[in-house]
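These protein sequence lines map, in sequence, to chains E and S.
Taking my numbering, the leading residue of the first sequence gets 1, the next gets one more, and so forth.
Taking my numbering, the leading residue of the second sequence gets 1001, the next gets one more, and so forth.
There are 2 protein chains.
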Amino acid sequence: MTSKQRSAPASLATVAAAAGVSIATVSRIVNGETRRASAETIERVRKAIAVVGYHPNHAGRTLRRRESRLVAMLAPNLDNPVMAAIAASTEAALRAAGYVMILCDTHDRPDLQDEYLNAMRSQVVRGYIMVASVPSAVLKDFVADGAPMVFVNRRPPFGRGAFVGIDNIKAGAEAADMLWSAGLRRCGVLAPAQGSSVTRDRLKGFCNRMRALGVTEIPKAEAAGRSHLEIGYEAARQLAARDGWLEGLMCVSDQIAYGAYRLARESGILVPERCRLVGIDGNPLNRWIAPWLRSIEVKYEDFGQPIVELLDHVWHGRGHAERIMPHGEA
Amino acid sequence: MTSKQRSAPASLATVAAAAGVSIATVSRIVNGETRRASAETIERVRKAIAVVGYHPNHAGRTLRRRESRLVAMLAPNLDNPVMAAIAASTEAALRAAGYVMILCDTHDRPDLQDEYLNAMRSQVVRGYIMVASVPSAVLKDFVADGAPMVFVNRRPPFGRGAFVGIDNIKAGAEAADMLWSAGLRRCGVLAPAQGSSVTRDRLKGFCNRMRALGVTEIPKAEAAGRSHLEIGYEAARQLAARDGWLEGLMCVSDQIAYGAYRLARESGILVPERCRLVGIDGNPLNRWIAPWLRSIEVKYEDFGQPIVELLDHVWHGRGHAERIMPHGEA
DNA sequence: CTGAAAGCGCTTACAG
DNA sequence: CTGAAAGCGCTTACAG
């Protein structure tokens, strides 16, 4: 109701002039420094703010305070549902704490990660949330500098750092149990080639458990690809070509299971009757359109809260804590 | 290799002192104002920048220039794959043009949309990309103020504005053709209750085409719910209870089709043999795990480029253009 | 209870 | 080719 067409935006000075007080006073009131200020002045300033249509300019505040309310999240691959769930919940938790999240898509590339880290530093962001980070030169510098960071899913590639994620070894073991308890003995694993620590731990947990159960041979296929969907398809193809269709396949992620499913369907293999698929992640879509998939469920929509808590720890210099999130079957 | 542990970051002044020149000179060189400057000075400054580990502080620049390189995208519901695809492609296009995107999740709520619009203005963002915006008080003010905006998918709720989206009426008509050409005559539609213009147009296009083909009765179910998945499930339930299972169902979005699929499966109805489902959006996941769904494909990953182009138009005062994106069958 | 003043880091006309 | 200076909007010790 107040704004003028494209005129210069109102500043503290505008308000001060309109209210007949100093900008210091306006600043205090804007910032809720209400305890020392006469009720009358407060009222006059509030009115002036409404009249001139004042909105604070964070560039000024950031410059002065040498810190902003911005928090950067760097994540690979926005269209991965796991990332989307983490991003959505973190965004909500940060907003509740009075912060604004900047979401950067690194495409899992070290060069883009570095570009964004630099860009975010230039924005004077207050913290960095690294989801599935990748080793890179600038990241190394940031860690060495003690930049406030929380790592999610993948552990920090350099030194120590706050971390939120699940126990992937345990998750892998439970995937093994799923297949075993269904009576399946000849099972294989599908994974991305040169996977992250997440992949490695899930594989390790699975294989160790299987061996503990007495299974000595665990056929494995690793493939490269632009997405886990393609990786799953290709890895399943390699495995089927080599060992035929096994009774069960443990897929390192649900998306890999989707890829394997497609090949099975195209090959006339019934899932889960002829070949059972087990995944990890618990994509919420499963119960709607992939009822054939059993999966170790991870509640990524619960990650936001602990992520923000750990960031708070780091800000207060309380060291690098960890939050190992629970997971279940689904 | 240069950064010190948590010391104050280097500023232009630091560099200037180290290089023995004025901060004006450093500023020019940092900004590539290289034409007027001796090669020797440039070299000296470059060296000093590396030595002190200088990185620009955008708060200072923004304050001075009264504009930033930040662009805000406000979108409902980050975990909707349609939004994810639009966000990812826009982010890439903006980055290529030298901007940084801030992604805000409005949860389709007017109050959050307003909160974010205000917050983004405080960040001095240079433009606003409103994906599926909702009518709200602050949005109205922004539009009246002539804030640089591009609307995506849903048309601007107030006045005129730049727009990127598809021809939803045509898409609805083509969905009708899909069912008709498969020989199906008794078909219904599933939609969200109180849908947006997108929903209305898709419905309108579908019904008009069906009527043109001689179909007089088009059973329709509209349901409310937290997600299109639930809406699809519930709408299908209502329709089946009222009219039994029809030969075909046109679902206003793929997610609605997923919901309907779940009910069909639970009801022992074979899809697509007994009941054919047609959706709109062309979720890339379909070819992997939902081969039973035919869908009008929209290339949301192509939206980023035109969105940034229109933003550019607006910035240069070239008025409010539109880009109607193509769609196809899939 | 309130204000004058310094200064955060940067850009940019202006002078030389 | 380079620099001194003003000023963007804000916060905050300090003085009163």
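Every residue, glycine too, gets a C-beta built ideally from N, C-alpha and C.
Quick one: Cα of residue i to Cα of residue j, how far?
| i | j | result |
| --- | --- | --- |
| E/Thr2 | S/Pro1148 | Low confidence applies to E/Thr2: its pLDDT is 35, below 50, so where it sits in the model is not reliable enough to give any reading. |
| S/Pro1056 | E/Arg121 | 9 Å |
| E/Val308 | S/Ala1260 | 37 Å |
| S/Glu1266 | S/Arg1287 | 22 Å |
| S/Asp1114 | S/Val1138 | 5 Å |
| E/Trp180 | S/Ser1253 | 39 Å |
| E/Tyr128 | E/Glu67 | 13 Å |
| E/Ile166 | E/Glu301 | 13 Å |
| E/Arg64 | S/Ala1059 | 9 Å |
| S/Gln1005 | S/Val1164 | In this prediction, S/Gln1005 has a pLDDT of 46, which is less than 50 and means its spatial position is unreliable; what the coordinates show is noted afterwards. Cα to Cα, S/Gln1005 sits roughly 47 Å from S/Val1164. |
| E/Thr34 | E/Ser27 | 11 Å |
| S/Gln1123 | E/Ala93 | 20 Å |
| E/Arg211 | E/Gly205 | 10 Å |
| E/Val45 | S/Gly1098 | 39 Å |
| E/Glu247 | S/Asn1208 | 50 Å |
| S/Ala1264 | S/Arg1237 | 9 Å |
| S/Arg1242 | S/Cys1187 | 13 Å |
| S/Ala1013 | E/Ala119 | 20 Å |
| E/Leu203 | E/Ile324 | 18 Å |
| S/Asp1145 | S/Ala1182 | 50 Å |
| S/Pro1326 | S/Ile1296 | 11 Å |
| E/Cys275 | E/Asp177 | 16 Å |
| S/Glu1322 | S/Gly1172 | 20 Å |
| S/Leu1310 | S/Phe1303 | 11 Å |
| E/Ile42 | E/Gly53 | 16 Å |
| E/Ala10 | E/Ala48 | 11 Å |
| E/Ile29 | E/Gly20 | 14 Å |
| S/Val1160 | S/Ala1224 | Looking at the sequence itself, residue 1160 of chain S is Arg, so the reference to Val does not match. Those two C-alpha atoms are separated by around 29 Å. |
| E/Tyr258 | E/Glu230 | 9 Å |
Assign residue i to one of two classes, buried (16 or more other C-beta atoms within 10 Å of its C-beta) or exposed (fewer than that).
| i | result |
| --- | --- |
| S/Ala1193 | exposed |
| E/Gly319 | exposed |
| S/His1316 | exposed |
| E/Thr25 | buried |
| S/Pro1306 | buried |
| E/Ile86 | buried |
| E/Asp141 | buried |
| S/Leu1174 | Reading off the sequence, residue 1174 of chain S comes out as Glu, not Leu. That one is buried. |
| S/Asn1283 | buried |
| E/Asn168 | buried |
| S/Ala1240 | buried |
| S/Met1216 | Checking the displayed sequence, the identity of residue 1216 of chain S turns out to be Thr instead of Met. Per the 10 Å Cβ criterion, exposed. |
| S/Arg1095 | buried |
| E/Arg36 | exposed |
| E/Ile102 | buried |
| E/Arg262 | buried |
| S/Glu1329 | exposed |
| S/Ala1235 | buried |
Could you check which residue in the options has the C-alpha nearest to that of residue i?
| i | options | result |
| --- | --- | --- |
| S/Ala1088 | E/Ala84, E/Glu91, E/Thr90 and E/Ser89 | E/Ala84 |
| E/Lys220 | E/Ala92, E/Gly98, E/Leu190 and E/Phe151 | E/Leu190 |
| E/Arg298 | E/Val314, E/Asp281, E/Ala16 and E/Leu311 | Here the sequence assigns Val to residue 298 of chain E, which means Arg is not the residue at that position. The shortest C-alpha separation from E/Val298 is found at E/Asp281. |
| E/Glu273 | E/Ala171, E/Ala236, E/Asn283 and E/Leu184 | E/Leu184 |
| E/Val348 | E/Ile218, E/Val124, E/Ala72 and E/Ala173 | There is simply no residue 348 of chain E to check, as chain E begins at 1 and stops at 330 in what is shown. |
| S/Ser1197 | S/Arg1155, S/Arg1226 and S/Ala1257 | S/Arg1155 |
| S/Ser1227 | S/Leu1263, S/Asn1080 and S/Val1051 | S/Asn1080 |
| E/Val125 | E/Thr62, E/Gly159 and E/Arg186 | E/Thr62 |
| E/Val150 | E/Val314, E/Val51 and E/Gly328 | E/Val314 |
| E/Tyr116 | S/Asp1111, S/Met1178, S/Val1082 and S/Leu1070 | S/Leu1070 |
| E/Ile256 | S/Leu1270, S/Asp1312, S/Gly1268 and S/Leu1285 | S/Leu1285 |
| S/Leu1112 | E/Ile29, E/Gly244, E/Glu91 and E/Asp145 | E/Glu91 |
| E/Val51 | E/Ala17, E/Ala39 and E/Glu40 | E/Ala17 |
| E/Gly279 | E/Val271, E/Cys251 and E/Gly32 | E/Cys251 |
For the region 1114-1180 of chain S, list the alpha helix (DSSP H) runs that are entirely contained and at least 4 residues long, ordered along the chain. 1137-1145
Three or more beta-carbon pairs under 8 Å between the region 290-298 of chain E and the region 127-146 of chain E, yes or no? Here the region 290-298 of chain E makes no contact with the region 127-146 of chain E; the two share fewer than three CB pairs at distances below 8 Å.
Which whole runs of the beta strand (DSSP E) in the region 1245-1323 of chain S are 3 residues long or more, in chain order? 1248-1251, 1276-1281 and 1293-1298
Complete beta strand (DSSP E) runs within the region 214-243 of chain E (minimum length 3 residues, chain order): 220-223
Say whether the region 67-81 of chain E touches the region 100-109 of chain E, bearing in mind that this needs 3 or more beta-carbon pairs closer than 8 Å, one atom from each stretch. yes
Which ranges does the alpha helix (DSSP H) cover as unbroken runs of at least 4 residues, wholly within the region 1064-1118 of chain S, from first to last along the chain? 1081-1096
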